[in-house]
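Colleague: The opening residue of the sequence shown carries number 1 in the UniProt record's numbering; numbering runs sequentially from there.
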Amino acid sequence: MKSLWLESSPQIPTDTFVANAQYDSVVVGAGITGLTTAALLTRSGQRVAVLEARSVGAVATGNSTAKVSLLQGTQLSAIIKHHGADLARHYVTGNREGQSWLLRFCDEHGVGYDTRDAFNYAVTDDGARLLSEERDACADGGLTATLEDTSELPFPVKRTLRVAGQAQIHPMEVLAALAADLRKHSGQLFDGVRVTGVKTGSAKGDRISVNTPRGDLAAHNVILATGTPILDRGGHFSVLEPRRSYAVAFTVQDEIPRGMYLSVDSPSRTLRTADVEGRPYLIVGGNGHAVGRQAHTQALVDDVIRWTQEHFPTAQASFSWSAQDYRPASSVPYVGRMPVGGHSIYTATGFNKWGFTNGVAAALALSAEILGGHMPWAKELYKTRVGKQDALSTAKAGAGVGLEMVSGWLSGLTRSSHAQPPEGQGSVVREGARPVGICQVDGVTHRVSAVCPHMGGVLSWNDAEQSWDCPLHGSRFTYDGTRLEGPATRDLSAP
Ligand SMILES: Cc1cc2nc3c(=O)[nH]c(=O)nc-3n(C[C@H](O)[C@H](O)[C@H](O)COP(=O)(O)OP(=O)(O)OC[C@H]3O[C@@H](n4cnc5c(N)ncnc54)[C@H](O)[C@@H]3O)c2cc1C
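1. Rounding to the nearest angstrom, what Cα-Cα distance links Ala399 and Gly288 in this structure?
2. Helix, strand or coil, according to DSSP, for Thr414 in the structure here?
3. In its own chain, which residues sit with a C-beta less than 6 Å from the C-beta of Gly94, not counting the 5 before and 5 after it?
4. Starting from the C-beta of Glu465, find all residues in its chain whose C-beta is less than 8 Å away, skip the five residues before and the five after it, and write them out in chain order.
5. Beta carbon of Ala30, beta carbon of Leu217: below 8 Å?
6. Which one of Val284, Ala66 and Ala295 has the shortest CA to CA distance from His311?
7. Spatial neighbours of Val123 within its chain, please: CB distance less than 8 Å, with the 5 preceding and 5 following residues excluded, ordered by chain position.
8. Considering Lys199, what are the terminal residues of the beta strand (DSSP E) in which it resides?
9. Write down the C-beta distance between Gly359 and Ala348 rounded to the nearest angstrom, noting that I regard them as a contact closer than 8 Å.
10. If you run the structure through DSSP and keep just helix, strand and coil, what is Asn352?
11. Check whether the Cβ of Ala464 sits closer than 7 Å to any heavy atom of ligand 3, and report yes or no.
12. For the pair the segment 136 to 152 and the segment 75 to 83, tell me if three or more CB-CB distances fall below 8 Å.
13. Quick one: grab the DSSP three-state call for Ile305.
14. Assuming Met172 is part of the alpha helix (DSSP H), what are its boundary residues?
15. Using the Cα positions of Gln420 and Pro453, report the straight-line distance between them to the nearest angstrom.
16. With a Cβ-Cβ cutoff of 8 Å, do Phe17 and Arg214 count as a contact?
17. Which same chain residues, not among the five before or five after Ala118, have their C-beta less than 6 Å away from its C-beta?
18. Which stretch, first to last residue, makes up the beta strand (DSSP E) that contains Glu7?
19. Does Ala361 come within less than 8 Å of chain D when only Cβ atoms are used?
20. How about the segment 20 to 34 and the segment 233 to 240: do they share at least three Cβ pairs that are nearer than 8 Å?
21. Look at Pro471 and Val301 and say whether their C-beta atoms are less than 8 Å apart.
22. Just to confirm, are Ile208 and Gly201 a CB contact at a threshold of 8 Å?
23. Could you pull the DSSP bridge partners for Pro280 from this structure?
24. To the nearest angstrom, how far is the alpha carbon of Val406 from that of Gly205?
25. Cβ atoms of Ile223 and Ser25: under 8 Å apart, would you say?
26. Indicate whether Asn221 and Ile370 have their beta-carbon atoms separated by less than 8 Å.
27. Run through DSSP, which three-state label would Thr16 get?
28. Can you find a heavy atom of ligand 1 that lies under 7 Å from the Cβ of Asn63?
29. Does the distance from the C-beta atom of Leu459 to that of Tyr326 stay below 8 Å?
30. The alpha helix (DSSP H) with Thr36 in it runs from where to where?
31. Whose CA, out of Thr74, Glu97 and Asp86, lies closest to the CA of Tyr121?
32. What residues are listed by DSSP as bridge partners for Ile223?
33. Is there at least one non-hydrogen atom of ligand 1 closer than 7 Å to the beta-carbon of Thr226?
34. Just to confirm, is the Cβ distance from Gly481 to Asp491 under 8 Å?
35. Counting C-beta neighbours from all protein chains within 10 Å, is the total for Asn20 16 or more, i.e. buried, or is it exposed?
36. Taking buried to mean at least 16 other C-beta atoms within 10 Å of its own C-beta, is Pro170 buried or exposed?
Structure, rendered in structure tokens:
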């Protein structure tokens, strides 16, 4: 599956990797967070390299729905329940700074975007109650939101919650402009280079060694903008729930809503429009679930198509895709120095599907911290660290992880090794004591070890993406075992 954005991406030139080069900062990951951080650091005169394992925007950023919105479902209600109204105010301030920076960057670099009102909508009484709570949470957080009883949606809704003047972007156009800005200021961008390790020097002030299969680089600061942090140094994987969801772009002959919509009832639905290469689209998404814990993911794509055609009878699906983001146990992102590496390794994660404001806010905060600046909202917002305060909230997700570990190994051990999956399907079988993944793609049978190299979870088959997905911490691999995303840094081994 390939997103509308990646299909219509501008060409993004990159540089030729030279091993053993030295930098002030190395940024790992060329999504919205990494490229914004890198652009900010190069603008201030730093020598910066960005290392991207795949291609620019290949993971979450290029596969999102790309709303740049301060209205974020019921996010503020959750933050207030968890931390109180003061932190919600810092969250809104940080997100507003992120949104303003990004839109100003677009204005200054000729990148188009649409200004739209953002709506939460409810189709049930429970949902309507959630909207009232979120309206109050918005007021406490310093965000003006209004409840309304009518809607332009072509089906009955109980209520909507509106925040005026938000935006929607083409994420690859924005990444292309950030990459160009980075390179204009002498930053370097290397794609197809996967970071496999980071070694800190023994003396204070020593450069950090960034390891890749193509050689090492050295830097004073390393920023892991990898979605979920690789390297496990901060234990983030234990407080992040990887959640995958689906999106489909439709051509529609009927009138389509102008606003950006998000349901607060289940199953979730997100809607926006896009004008790409002169053609108008309606984008509809939803059906989120924990990574690796859903059988027959293709049925979830089909369900989005069925739902859309029910409400927009002329809708024709043109592109479908899926992606994952990380839900933080503490309800706010984890951003800042990692508790290792002489305090010069930084990360930013846990955007809970709101990375176009949160990722840019994180980039502003990290670049300020590295350059010696001061952002009062960031000091408060990012003081939540991975640790004790998350123990209770993660107990549930942790219990799920424990169960998956045991049931994955047991089910792998109980199946027969004679299974031959049909075209497009895969299954985990037992060979000796080891779980082995067997799948059939384009008429070819592939066999891989079904054990995740990150922490030993047993993988499950994702038929929508033809990938092996880990139910523990969200690492994913192609049908033949190449690492796609997540905290793992290695490919699957041979069975
Ligand atoms: C379906 C969906 C819809 C969404 N819609 C919205 C929305 O409407 N609005 C919004 O604000 N947010 C949305 N989000 C969330 C948003 O897309 C993410 O929060 C954001 O893109 C994260 O950006 P990032 O740069 O941190 O991570 P990514 O975009 O995932 O970038 C991380 C990069 O790091 C690279 N990388 C990883 N490991 C390594 C390694 N070892 N070496 C080198 N490179 C590595 C990856 O290849 C990747 O390119 C959505 C998310 C999903 C899943």
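Quick reminder that beta carbons are idealized off the backbone N, C-alpha and C, glycines included.
Modeller: Taking the structure as given:
1. Against the sequence shown, residue 399 aligns to sequence position 399. Against the sequence shown, residue 288 aligns to sequence position 288. In this prediction, Ala399 has a pLDDT of 42, which is less than 50 and means its spatial position is unreliable; what the coordinates show is noted afterwards. Their Cα atoms are separated by approximately 20 Å.
2. Against the sequence shown, residue 414 aligns to sequence position 414. In this predicted model, Thr414 has a pLDDT of only 49, less than 50, meaning its place in the structure is not dependable; the value taken from the coordinates is given anyway. Three-state DSSP puts Thr414 in a helix.
3. Here the question's residue 94 lines up with position 94 in the sequence shown. Correct list, in chain order: Ala361, Trp377 and Leu381.
4. To locate residue 465, count along the sequence shown from 1; it is residue 465. Hits under 8 Å: Met1, Thr297, Ser322 and Arg476.
5. As a position in the sequence shown, residue 30 is number 30, starting the count at 1. As a position in the sequence shown, residue 217 is number 217, starting the count at 1. Result no, Cβ atoms of Ala30 and Leu217 do not sit closer than 8 Å.
6. Here residue 311 refers to the residue found at position 311 when the sequence shown is read from its first residue. For the residues Val284, Ala66 and Ala295, the minimum Cα distance to His311 belongs to Val284.
7. Residue numbering aside, residue 123 sits at position 123 when the sequence shown is read from its first letter. Result list for Val123: Phe155, Pro156, Val157, Lys158, Ser263 and Asp265, in chain order.
8. Taking the first residue of the sequence shown as 1, we reach residue 199 at position 199. Residues Gly197 to Lys199.
9. Stepping through the sequence shown from its first residue, residue 359 is reached at position 359. Stepping through the sequence shown from its first residue, residue 348 is reached at position 348. So it is a contact: roughly 7 Å between Cβ atoms.
10. By 1-based counting over the sequence shown, the position of residue 352 is 352. Reduced to three states, the DSSP call for Asn352 is coil.
11. This structure lacks ligand 3; the ligands present are ligand 1.
12. yes
13. One-based indexing of the sequence shown puts residue 305 at position 305. The answer is helix: DSSP assigns Ile305 an H, G or I state.
14. Numbered from 1 along the sequence shown, position 172 holds the residue referred to as residue 172. Per DSSP, Met172 belongs to the alpha helix (DSSP H) from Pro171 to Lys184.
15. Taking the sequence shown and counting its residues from 1, one reaches residue 420 at position 420. Taking the sequence shown and counting its residues from 1, one reaches residue 453 at position 453. Distance between the alpha carbons of Gln420 and Pro453 is about 24 Å.
16. Counting from one through the sequence shown, the residue named residue 17 turns up at place 17. Counting from one through the sequence shown, the residue named residue 214 turns up at place 214. It is a contact, given that the beta carbons lie within the stated cut-off.
17. Residue 118 sits at position 118 when you count from the first residue of the sequence shown. A distance below 6 Å between beta-carbons, with the five flanking residues on each side excluded, links Ala118 to the following residues of its chain, in chain order: Ser69, Leu71, Val163, Gln166 and Met260.
18. The residue given as residue 7 occupies position 7 in the sequence shown. It is not in any beta strand (DSSP E) - Glu7 instead sits in the alpha helix (DSSP H) that spans Leu4 to Glu7.
19. Checking the listed chains, one finds no chain D in this structure; it contains a single protein chain.
20. no
21. Along the sequence shown, one-based indexing puts residue 471 at 471. Along the sequence shown, one-based indexing puts residue 301 at 301. The answer is no: Cβ separation not under 8 Å.
22. Translated into positions along the sequence shown, residue 208 becomes position 208. Translated into positions along the sequence shown, residue 201 becomes position 201. Contact: yes.
23. Translated into the one-based positions of the sequence shown, residue 280 becomes position 280. Asp275, per the DSSP bridge assignment.
24. The count along the sequence shown starts at 1 and reaches residue 406 at position 406. The count along the sequence shown starts at 1 and reaches residue 205 at position 205. With a pLDDT of 49 at Val406, under the threshold of 50, the predicted position of this residue should be treated as unreliable, and no value is reported.
25. Here residue 25 is taken as the residue at index 25 of the sequence shown, counted from 1. Here residue 223 is taken as the residue at index 223 of the sequence shown, counted from 1. Yes. Within cutoff.
26. Residue 221 sits at position 221 when you count from the first residue of the sequence shown. Residue 370 sits at position 370 when you count from the first residue of the sequence shown. Their beta carbons are under 8 Å apart, which means Asn221 touches Ile370 by this criterion.
27. Translated into the one-based positions of the sequence shown, residue 16 becomes position 16. Of the three classes helix, strand and coil, the one that applies to Thr16 here is coil, per DSSP.
28. Against the sequence shown, residue 63 aligns to sequence position 63. Asn63 Cβ: within cutoff of ligand 1.
29. Translated into the one-based positions of the sequence shown, residue 459 becomes position 459. Translated into the one-based positions of the sequence shown, residue 326 becomes position 326. No, Cβ-Cβ distance for Leu459 and Tyr326 is not below 8 Å.
30. Mapped onto the sequence shown, residue 36 falls at position 36. Per DSSP, Thr36 belongs to the alpha helix (DSSP H) from Ile32 to Arg43.
31. Taking the first residue of the sequence shown as 1, we reach residue 121 at position 121. Here the closest residue by C-alpha is Thr74.
32. The count along the sequence shown starts at 1 and reaches residue 223 at position 223. Note: Ile223 sits in a beta bridge opposite Val27 and Tyr346.
33. In the sequence shown, the residue the question calls residue 226 occupies position 226. For Thr226, the shortest C-beta to heavy atom distance toward ligand 1 is below 7 Å.
34. Position 481 of the sequence shown, counted from the start, is the residue given in the question as residue 481. Position 491 of the sequence shown, counted from the start, is the residue given in the question as residue 491. Their beta carbons are under 8 Å apart, which means Gly481 touches Asp491 by this criterion.
35. For the purposes of this step, residue 20 is taken as the residue at position 20 of the sequence shown. Exposed is the label assigned to Asn20, since fewer than 16 other Cβ atoms lie within 10 Å of its Cβ.
36. To locate residue 170, count along the sequence shown from 1; it is residue 170. Looking at the sequence shown, residue 170 is not Pro but His. Label assigned to His170: buried.
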